[in-house]
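Everything in the sequence shown is counted per the UniProt record's numbering, starting at 1 for the first residue and increasing by one.
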Amino acid sequence: MKAVILVGGEGTRLRPITYQIPKPMIPLVGMPLIEFVIRNLKKYEIEDIILSTFYMPSIFSSHFGNGEKLGVNITYVTEEVPLGTCGAVKNAEKYLRDEPFLVFNGDIITSLDFRELIKYHKQKEATATITLTPVDDPTMYGLVPIDSNGRVLKFLEKPRWDEITTNLINAGTYVLEPEVLELVPEGKNYSFERELFPILLSKGEKVFGFPSKSYWLDLGTSQKYLKAQGDILDRKIDFDFQFNQEKVGIWIGVNTEINKSSNMFPPLVIGENCKIKENVIVNNHSVILNNTEIGNGTKIKNSLIMDNCKIGSNCVLNKSIICSGVIVGNNVHILNGTVIGSDCLIGDQNVLTNNIKLFPKTVLNKGVITF
1 MKAVILVGGE GTRLRPITYQ IPKPMIPLVG MPLIEFVIRN LKKYEIEDII
51 LSTFYMPSIF SSHFGNGEKL GVNITYVTEE VPLGTCGAVK NAEKYLRDEP
101 FLVFNGDIIT SLDFRELIKY HKQKEATATI TLTPVDDPTM YGLVPIDSNG
151 RVLKFLEKPR WDEITTNLIN AGTYVLEPEV LELVPEGKNY SFERELFPIL
201 LSKGEKVFGF PSKSYWLDLG TSQKYLKAQG DILDRKIDFD FQFNQEKVGI
251 WIGVNTEINK SSNMFPPLVI GENCKIKENV IVNNHSVILN NTEIGNGTKI
301 KNSLIMDNCK IGSNCVLNKS IICSGVIVGN NVHILNGTVI GSDCLIGDQN
351 VLTNNIKLFP KTVLNKGVIT F
């Protein structure tokens, strides 16, 4: 079975992280998010992958090529203008005419059993099967009520509390019969959720929901990004770590130097060619990626520091994200949801907290921001 992965979105809610990299390429514990998705599909022998691109398309092809290194075959289909979730798949129609196919949103991580999903679709003789997942707050999503046989009754987009009869939401993963694309206009922005699926229901087509309690998370915000990182480190989802496990819950890359006076509290990851100086504390759920230096006495907890960063001495980082190429001075605090874009320069004695976001290449002089 072929899989179409939708990777064209601009990831605006993840800015400034996505100003210089597409959301599906953000590093997930040292691996691009979309690589995790592809590896997961391959475990279920889904090896013909179509990447539907729009935003920064060359980054995908430059990184993955034809997919040979991952043991898959990758075809690229690029939108000239945004076509929506369904329009993007229509754009790849010439590759999808022979058999049912899988559609997968490229900003999701899941432990879904794709084999069971495909089996369910075939058993129901469905035209479309929508994976459903339970959530605590259904008002933020599109609800999909189903009957006792699993057949979809209707779609409720971001309902009020008094409209809610289920907590099952559309999980962004579908199995579709190729003929459904005949209903999709070519070259038009078109949605599965708001257009194609309701039309299929109105025509009496067999649209089924596949309820799943598998791990599921969309990485739409920086908070969810950090949650995904923590969940992977906690082994809530199967993950192929790219670095050696030096101790239980501690993965370290090659050529990384950690001073003996520093303390590492698992779970955590430190990439390749890093230098951790004296009296550093790296606490649980932290990831430090390749070619990064951490200065004396700095404390890091529940944070992500990407490649090629330099963090000064006596800094404190907590629940924050530092993008690639950032230089941070001494005695800087970066806390509580702060995101520093790529190639920023943060002078000494700044305090950045409460979800501050800095655009790439921002320069902050000494002590400019304090609380």
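Even for Gly, the Cβ is constructed at its ideal location relative to N, Cα and C.
Quick caveat, the model's predicted, so the values are computed rather than measured.
- The residue among 208, 129, 225, 114 with its C-alpha nearest the C-alpha of residue 40 is 114.
- By the neighbour-count definition (other C-beta atoms within 10 Å, threshold 16), residue 247 is an exposed residue.
- For residue 126, the CB contacts under 6 Å within the same chain, skipping 5 residues up- and downstream, are 206, 208 in chain order.
- For residue 63, the uninterrupted alpha helix (DSSP H) run begins and ends at 57-64, by DSSP.
- Between the alpha carbons of residue 358 and residue 81 lies a distance of about 28 Å.
- Non-local C-beta neighbours of residue 189 in its own chain, meaning closer than 7 Å and more than five positions away in sequence, comprise 82, 83, 84, 87, ordered along the chain.
- Residue 261 has its alpha-carbon roughly 52 Å from the corresponding atom of residue 210.
- Restricted to the stretch 161-228, the alpha helix (DSSP H) segments that are unbroken, complete and at least 4 residues in length are 197-202, listed in chain order.
- As a beta-bridge residue in DSSP terms, residue 101 pairs with 2, 176.
- Annotation for residue 153: 145, 146, 147 place their beta carbon closer than 7 Å to its own, counting only its chain and skipping 5 residues before and after.
- Looking at the DSSP output, residue 351 bridges to 333.
- Under the 8 Å Cβ criterion, the stretch 219-231 does not count as touching the stretch 342-353, having fewer than three qualifying pairs.
- For residue 128, the uninterrupted beta strand (DSSP E) run begins and ends at 128-134, by DSSP.
- Residue environment: residue 368 is assigned as exposed (fewer than 16 neighbouring CB atoms within 10 Å of its CB, all protein chains considered).
- Judged by beta-carbon spacing, residue 297 lies within the 8 Å limit of residue 279, meaning their Cβ atoms are closer than that value.
- If you check the CB distance, residue 294 and residue 321 do not come in under 8 Å.
- CA-CA distance, residue 263 to residue 302, rounds to 15 Å.
- For residue 123, DSSP assigns no beta-bridge partner whatsoever.
- Note that the stretch 15-29 does not touch the stretch 117-131; fewer than 3 beta-carbon pairs, one per stretch, sit closer than 8 Å.
- DSSP lists 252 as the bridge partner or partners of residue 244.
- Beta-bridge analysis with DSSP links residue 287 to 269, 304.
- Excluding five sequence positions before and after residue 78, the CB atoms of its chain that fall closer than 7 Å to its own CB belong to 53, 54, 57, given in chain order.
- Within the same chain, 276, 277, 278, 279, 280 come within 8 Å of residue 259 by CB-CB distance, once the 5 residues on both sides are set aside.
- With respect to residue 286, residue 300 sits close: the two C-beta atoms are nearer than 8 Å.
- In this model, residue 132 and residue 110 are separated by some 12 Å (Cα to Cα).
- DSSP places residue 48 in the strand class (E or B) of the three-state scheme.
- By alpha-carbon distance to residue 308, the top candidate from 166, 220, 282, 274 is 274.
- Secondary-structure assignment with DSSP links residue 321 through a beta bridge to 304, 339.
- Within a 10 Å sphere around the beta-carbon of residue 161 sit fewer than 16 other beta-carbons, which makes this residue exposed.
- Here residue 27 carries a strand assignment [DSSP, helix/strand/coil].
- Take the alpha-carbon of residue 1 and the one of residue 34: they are about 18 Å apart.
- In the structure shown, residue 42 adopts helical secondary structure according to DSSP, grouped into three states.
- Closest option to residue 332, judged by alpha-carbon separation, among 347, 325, 181, 326: 347.
- Nearest to residue 291 by alpha-carbon distance, out of 283, 20, 284, 305, is 305.
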